[in-house]
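Undergrad: Numbering (the working numbering), first residue to last: 397 to 555.
Each residue gets a CB set at the ideal place from its N, CA and C atoms; glycine is no exception.
1. Considering just the uninterrupted stretch of the alpha helix (DSSP H) at residue 478, what are its terminal residues?
2. Between the C-alpha atoms of residue 518 and residue 476, what's the straight-line distance to the nearest angstrom?
3. On the CB-based measure, 16 or more other CB atoms within 10 Å of its CB, does residue 481 come out buried or exposed?
4. Name the residue from 551, 471, 509 whose alpha carbon lies nearest to the alpha carbon of residue 540.
5. Excluding the five sequence neighbours on either side, which residues of its own chain have a C-beta within less than 7 Å of the C-beta of residue 469, listed in chain order?
6. Less than 8 Å between the CB atoms is what I'm expecting for residue 525 and residue 449, so what's the real figure, rounded?
7. Mapping DSSP to helix, strand and coil, what is residue 493?
8. Which of helix, strand or coil does DSSP assign to residue 426?
9. Is DSSP giving residue 526 helix, strand or coil here?
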């Protein structure tokens, strides 16, 4: 069965290794529809709010506020999808052989490293935009905490 690009992305992003049956496909589709509808409502509301605030405040402040609001909306959507995946046990899988397990471990590590690089890049950009308000310790403590949480996720999933 050929899977759509969307299904392959969901499976890759959430570390799902087993094929989707009809129930799983229905659960994921419902969750995605809720997320898409919520993001559409958020985008329309943020457009009108930014137009209203634009009459009273500087537009650069609105742009920075929109960046943070969009980032929070995406994090909420990803958290909701993660809750749905974990609630239905879609991320749990018994590996039939060692090579399948190694592929899943490699995928897990690559996903988390890409996430770490993306978040650190965003932190650096926000630091530059806000004029260097973050301390160096923040850029050291966060990656150490992220790597520690990645290790705990690895232990939960693969040990």
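TA: Walking through what the data contain:
1. Stepping through the chain shown from its first residue, residue 478 is reached at position 82. Unbroken alpha helix (DSSP H) run through residue 478: 455–483.
2. Taking the first residue of the chain shown as position 1, residue 518 is located at position 122. Taking the first residue of the chain shown as position 1, residue 476 is located at position 80. In a straight line, the C-alpha of residue 518 is about 22 Å away from that of residue 476.
3. Indexing the chain shown from 1 puts residue 481 at position 85. Buried, since its Cβ has 16 or more Cβ neighbours within 10 Å.
4. One-based indexing of the chain shown puts residue 540 at position 144. Nearest option by C-alpha distance: 509.
5. In the chain shown, the residue the question calls residue 469 occupies position 73. Answer for residue 469: 435, 438, listed in chain order.
6. Residue numbering aside, residue 525 sits at position 129 when the chain shown is read from its first letter. Residue numbering aside, residue 449 sits at position 53 when the chain shown is read from its first letter. With a Cβ gap of about 18 Å, residue 525 and residue 449 do not count as contacting.
7. On the chain shown, position 97 is the one that residue 493 refers to. Coil.
8. Here residue 426 refers to the residue found at position 30 when the chain shown is read from its first residue. If DSSP states are grouped into helix, strand and coil, residue 426 belongs with the helices.
9. As a first step, residue 526 must be located in the chain shown, where it is residue number 130. Coil at residue 526, not helix or strand.
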